[in-house]
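Report on the structure given below.
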Amino acid sequence: MKVDLNKEFSLPGTSVQAWTFLQDIRGVASCMPGAEITEDLGDGNYKGKVKAKIGPATMAFNGDIIIQNIDAEKRELHMIGKGQDTKGSSSATMDLRAWVEDAEDSKSVLQGVATVTVNGKAASLGGRMMTQVADQMLNQFGKSFANNVASMGEGEEAEMARDKIAEQPGELNGLAFAWSVFVGWLGSIFSSKK
Amino acid sequence: MDTVADKQEREGSLNGVGCSRKRKEDARFIQGKGNYTDDIKMPGMLFADMVRSPYAHARIISINTEKALALPGVHAVLTAADLKPLNLHWMPTLAGDVQAVLADEKVHFQYQEVALVVADDRYIAADAIDLVEVEYEELPVLVDPHKAMTAEAPILREDLVGKMEGAHSKREHDNHIFNWQAGEKDATDRVFDAAEVTVSQDMVYHRVHPCPLETCGCVASMDKINGKLTVYLTSQAPHVVRTVVSTLSGLPESSVRIVSPDIGGGFGNKVGIYPAYVASIVASIVLGVPVKWVEDRMENISTTAFARDYHMRGELAADSNGIIKGLRVNVLADHGAFDSCADPSKFPAGFMHICTGSYDIPVAHLNVDGVYTNKAPGGVSYRCSFRVTEAVYVIERTMDVLAQKLGIDKAEIRRRNFVKKEQFPYTTCLGFELDSGDYHTALEKVLDAVDYKGLRREQEEKRANGELMGIGLVTFTEVVGAGPSKSCDILGVGMFDSAEIRVHPTGSVMARMGTITQGQGHQTTYAQIIASELGITSDEIAIEEGDTDTSPYGLGTYGSRSTPVGGAATAVAARKIKAKAKKIAAHLLEVSEDDLEWEVDRFKVKGVPGQEKTMKDIAWAAYNNVPEGMEPGLEAVDYYDPPNFTFPFGAYLCVVDIDKDTGVTDIRRFYALDDCGTRINPMIIDGQIHGGLTEGYAVAMGQEMPYDEEGNLLGNTLMDYFLPTFVETPIWETDYTVTPSPHHPIGAKGVAESPHVGSIPTFTSAMVDAFAHLDVTHMDMPHNAYRVWKQIKALGLLDN
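Protein chains in written order, with the working numbering: chain A, 1 to 194; chain B, 195 to 994.
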């Protein structure tokens with residue numbers, strides 16, 4: 001089960017701040033709800049885990065993150081994440097290119113192109129919600145990323161962003177997440193009608 | 195007393211052939227007192243669960259069982275490495291291939307069996323499978339069978355690399371299984387080159403699953419004291435399983451007992467031998483205790499035998515009047531990762547060569563290539579005789595396409611091409627000898643019953659109003675009752691079947707057969723055959739099947755073979771008893787056998803009223819007063835090797851109304867006329883037809899097993915997989931004609947699968963007919979609302 005995603009997030013900070021944060025792999029990983037880097041293996045290789053609770057099901061993925069390339073000129077990061085759930089019944093791969101672009105008013109934009117592949121029970125059972133789930137996970141990621149960039153600045157906004165980061169849940173919030181997936185799905189039905 | 199009324203009363207009291215005797219089985223089923231494999235409980239029994247692959251194609255780097263073994267209550271974790279020393283990590287399939295019991299170095303399909311966990315209960319086993327750590331390295335996945343034989347295709351079966359001599363033919367590619375052909379290629383090509391009209395239609399008979407209510411399972415119990423292995427198993431062919439288990443385990447066949455208890459539907463899903471059976475048997479032998487394994491619904495749909503996945507092209511050559519001159523059929527068959535089809539050994543594409551249908555076709559050529567893909571193995575006959583559903587689909591669809599091209603009505607083109615009543619027995623150009631038939635009568639009866647002309651008029655009006663109404667018509671011929679052992683065998687065992695009948699001193703009967711009922715009602719219908727043959731009421735006739743220790747060897751129940759083969763054996767065994775009974779009667783009445791005549795339940799001395807002996811009298815005498823030199827007792831065994839197949843046929847008509855905005859289809863009417871020869875129990879026949887039509891409706895309108903590019907099966911739960919209930923199921927109207935089989939002892943042909951085989955193309959025929967005026971010639975199944983809506987949209991019929 002393969003899904004291609006294109007995402008664009010407006011960031012409150014400058015492109016320099018955003019690019020600085022994008023290179024902080026632990027920081028970037030922490031923007032993904034329920035994800036964390038557990039080990040730095042050197043040479044751009046990391047071990048990490050993602051835990052998500054959706055309804056009654058908890059899925060925990062252990063895996064490897066490989067930084068394929070960091071292109072300072074293009075301000076682009078290319079990484080691959082590969083994981084298998086701890087029960088051995090599903091696996092997921094994400095190939096992500098993310099880059100930072102300048103925007104007006106000293107702000108910036110984070111662009112992302114990702115291909116997510118899911119195998120096993122997660123694909124069989126969750127296949128039909130896959131696009132929405134991946135989409136919502138990335139939306140949460142984008143919000144968190146923006147907060148992190150904002151927090152690098154000064155003043156009230158940065159202060160608020162730092163508070164939000166501190167309040168961020170340690171794993172995917174099941175109910176709120178399910179709701180956002182549902183809303184996203186409804187949206188996709190009505191938008192594809194024509 | 196010797197009146198016609200008396201005779202009729204005695205005949206009626208037999209509850210024999212032709213009466214709608216109530217099903218003997220139902221008393222226990224409707225009270226929840228059936229005894230299925232999962233009901234078997236044995237002292238000290240452990241439970242097995244299977245670790246399965248999340249990947250469709252991957253190399254196994256390592257398997258770590260430590261954590262699972264450390265869980266309290268876990269007794270063993272078996273992997274290929276444990277089975278290797280026993281040479282049981284691979285097993286032979288019924289199709290001449292081998293299949294991994296537990297994945298050996300590689301996994302070839304998603305959900306493939308990787309390790310078997312055995313624990314105190316099924317909860318612990320389920321927890322333990324999560325703790326077995328398997329490290330995989332993903333490999334490129336092959337899902338599309340059309341890409342299987344290309345140069346770029348990943349090679350799936352490393353165990354077969356370089357072995358280009360396959361079980362059925364030379365292999366042309368490492369992913370090629372076999373090529374199989376029937377008919378005359380050159381002669382057919384010449385007919386096509388010279389023909390006035392030709393049509394060609396590609397069609398996909400999608401992958402579906404029989405999905406019986408009861409999933410597969412077994413309880414293996416090795417008794418180490420007496421060296422006997424007993425396996426309770428949901429099998430449609432327990433005797434064949436015994437032979438295979440004996441061969442694999444090295445135990446003498448006399449030390450292996452297979453018991454098929456009550457079975458909650460088979461439909462071909464329970465013919466083969468599955469890896470978990472072998473692994474459970476090994477576990478029981480190793481641990482010395484009974485081990486139960488029962489699959490869940492996801493495992494059932496994902497791993498135990500699927501059906502079809504035939505990618506077909508049908509071509510007809512005809513003259514301008516629609517008279518067929520030749521038929522060409524090409525098939526690409528997706529068999530999944532292992533060839534574990536359950537077909538007679540010499541027929542890797544089953545009886546696909548029945549694709550000439552009900553028509554008088556002078557020349558034909560059939561070409562089938564089987565290939566491997568990263569999908570679950572199978573290719574069984576889902577409620578049909580071997581590949582007959584596919585054959586009927588391709589010919590009936592192509593007939594419609596020809597009719598459409600020539601502008602001839604689809605009933606008329608069939609009329610023009612039918613094999614005529616007087617042509618039977620008729621040998622088809624692909625080699626079957628059709629035993630009997632009366633196709634014209636069947637078709638006309640259906641057309642009259644539904645007012646076909648009226649329906650066509652109504653359709654004209656609806657089309658003028660922009661409404662979508664379709665009329666589907668199919669006139670099918672099935673080949674069932676495999677089969678004559680000169681051509682049909684499974685693992686070298688001829689496809690005969692057997693019956694053993696014992697008449698007790700008091701005149702009741704115990705009969706055992708080599709077949710096994712899974713809902714067909716054998717306990718009811720076999721007794722009716724014996725009742726009519728022997729004049730003993732069926733209520734005093736007990737039928738037993740499924741225990742290999744007590745029943746005679748038989749090939750089992752699938753391919754509608756029980757009545758054509760097992761039923762024939764039953765009638766012949768009963769006739770052997772009757773022949774002996776006649777000798778005893780002559781002895782008792784002190785006359786010559788020639789002076790006796792049979793009447794319902796007794797032998798009478800011709801012309802001497804009152805001089806008679808009933809079967810009950812004779813049964814008693816068989817144990818105390820037999821003629822000199824005759825051995826006492828009254829029993830017989832028959833192993834019946836049929837001289838030919840039987841060929842049930844039918845004419846089906848379906849009317850659909852399609853909602854133009856949503857694609858939702860209403861099956862307004864479905865009229866099914868079946869001719870299965872002699873009708874043993876009309877009520878059971880109706881039940882069989884209702885069931886077969888419902889499963890046909892399921893396949894045509896909703897069931898599918900879609901795979902994504904990575905080989906993930908999307909739709910292996912009943913949330914996705916369509917299992918119609920009363921809510922969705924249309925109303926069925928049934929009808930019949932009776933054209934007995936000339937070679938079957940009682941003229942019966944078998945019926946359970948005809949409605950499935952015949953109905954599926956009828957639905958497609960109706961769906962396509964709704965769009966035929968817009969030049970649509972074919973739509974692939976399943977005809978669910980979304981797919982139909984897409985067709986409507988593609989044709990620009992949506993209002994906005």
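Glycine included, every Cβ here is placed at the ideal spot set by N, Cα and C.
Thinking C-beta only, is residue j closer than 8 angstroms to residue i?
i	j	result
M343(B)	E329(B)	no
T115(A)	D95(A)	yes
T931(B)	L867(B)	yes
A693(B)	M707(B)	yes
L667(B)	K614(B)	no
Y504(B)	N369(B)	no
G740(B)	S449(B)	no
V480(B)	G411(B)	no
V465(B)	V574(B)	yes
N119(A)	N910(B)	no
Q712(B)	G459(B)	yes
F303(B)	G564(B)	no
F690(B)	V759(B)	yes
D902(B)	M137(A)	no
A636(B)	G844(B)	yes
I37(A)	G44(A)	no
P949(B)	G871(B)	no
R696(B)	E727(B)	no
Which residue comes first and which comes last in the beta strand (DSSP E) that contains residue i?
i	result
G677(B)	Element bounds for G677(B): n/a, residue is neither H nor E.
K82(A)	76 to 85
F843(B)	843 to 852
L510(B)	500 to 512
K987(B)	From DSSP, K987(B) is part of no beta strand (DSSP E) but of the alpha helix (DSSP H) over 979 to 988.
D691(B)	691 to 697
H400(B)	391 to 402
Q805(B)	Q805(B) -> no beta strand (DSSP E), and no H or E assigned at all.
Taking the alpha helix (DSSP H) that residue i belongs to, which residues open and close that run?
i	result
M961(B)	948 to 965
R651(B)	646 to 658
E156(A)	155 to 167
A275(A)	Shown here, chain A extends from 1 to 194; a query on residue 275(A) therefore has no answer.
Q132(A)	130 to 151
F386(B)	379 to 388
### Query
What are the complete alpha helix (DSSP H) segments, minimum 4 residues, inside the stretch 429 to 496 of chain B?
432 to 443, 469 to 481
### Message
Just to confirm the assignment: which complete beta strand (DSSP E) runs, minimum length 3, are found wholly within the stretch 529 to 571 of chain B?
### Response
558 to 565
### Task
With 9 angstroms as the C-beta to C-beta threshold (strictly closer), list the residues of the stretch 929 to 940 of chain B near chain A in chain order.
none
### Message
Report the start-end ranges of each beta strand (DSSP E) in the stretch 750 to 798 of chain B that is 3 residues or longer and not cut off at the edges.
### Response
790 to 793
### Message
Please give me, in chain order, every unbroken run of the beta strand (DSSP E) with length at least 3 that falls completely inside the stretch 878 to 929 of chain B.
### Response
none
#### Entry: Complete runs of the alpha helix (DSSP H) confined to the stretch 563 to 639 of chain B [at least 4 residues]
582 to 600, 604 to 611
### Interface positions of the stretch 961 to 976 of chain B facing chain A (Cβ-Cβ less than 8 angstroms), listed along the chain
none
### Query
What are the residues of the stretch 98 to 127 of chain A that lie near chain B, defined by any Cβ-Cβ distance shorter than 9 angstroms?
T117, V118, N119, G120, K121, A122, A123, S124, L125, G127
### Task
Report yes or no: do three or more beta-carbon pairs, one from the stretch 514 to 523 of chain B and one from the stretch 426 to 437 of chain B, lie closer than 8 angstroms?
no
### Task
Please determine if the stretch 884 to 894 of chain B and the stretch 916 to 934 of chain B are in contact, where contact requires at least 3 C-beta pairs separated by less than 8 angstroms.
yes
### Task
Give, in chain order, every residue of the stretch 74 to 91 of chain A whose Cβ lies closer than 7 angstroms to some Cβ of chain B.
K87, G88, S89, S90, S91
### Task
Mind checking the stretch 367 to 380 of chain B against chain A and listing, in chain order, the residues whose C-beta falls within less than 8 angstroms of any C-beta there?
none
#### Entry: Sequence ranges, beta strand (DSSP E) only - wholly within the stretch 283 to 321 of chain B, length at least 3
284 to 286, 292 to 294, 307 to 313
### Task
Compile a chain-ordered list of the residues in the stretch 875 to 907 of chain B whose CB is closer than 7 angstroms to at least one CB of chain A.
D902, E903, E904, N906, L907
### Task
Residues of the stretch 1 to 13 of chain A with a CB closer than 9 angstroms to any CB of chain B: list them in chain order, please.
M1, K2
### Query
Any residues in the stretch 432 to 462 of chain B with a beta carbon nearer than 8 angstroms to a beta carbon of chain A? Which ones, in chain order?
none
### Contact residues within the stretch 240 to 251 of chain B, judged by C-beta distance below 9 angstroms to chain A
V245, R246, S247, P248, Y249, A250
### Task
Identify each residue in the stretch 315 to 329 of chain B for which the Cβ-Cβ distance to at least one residue of chain E is less than 9 angstroms, and report them in chain order.
The structure shown contains no chain E; its protein chains are A and B.
### Query
How do the stretch 805 to 824 of chain B and the stretch 914 to 923 of chain B stand: do at least 3 beta-carbon pairs fall below 8 angstroms, yes or no?
no
### Task
Could you say if the stretch 642 to 649 of chain B and the stretch 398 to 409 of chain B meet the contact criterion of at least three C-beta pairs nearer than 8 angstroms?
no
### Task
Decide if the stretch 523 to 530 of chain B is in contact with the stretch 552 to 564 of chain B; the criterion is three or more beta carbon pairs, one per stretch, under 8 angstroms apart.
yes
### Message
Any C-beta of chain A within less than 9 angstroms: which residues of the stretch 285 to 315 of chain B qualify?
### Response
Q304, Y305, V308
### Task
Can you give me, in chain order, the residues of the stretch 908 to 925 of chain B that have a beta carbon less than 9 angstroms from any beta carbon in chain A?
L908, G909, N910, T911, M913, D914
### Task
Taking 8 angstroms as the threshold, find out whether the stretch 783 to 797 of chain B comes into contact with the stretch 598 to 612 of chain B through three or more Cβ pairs.
no
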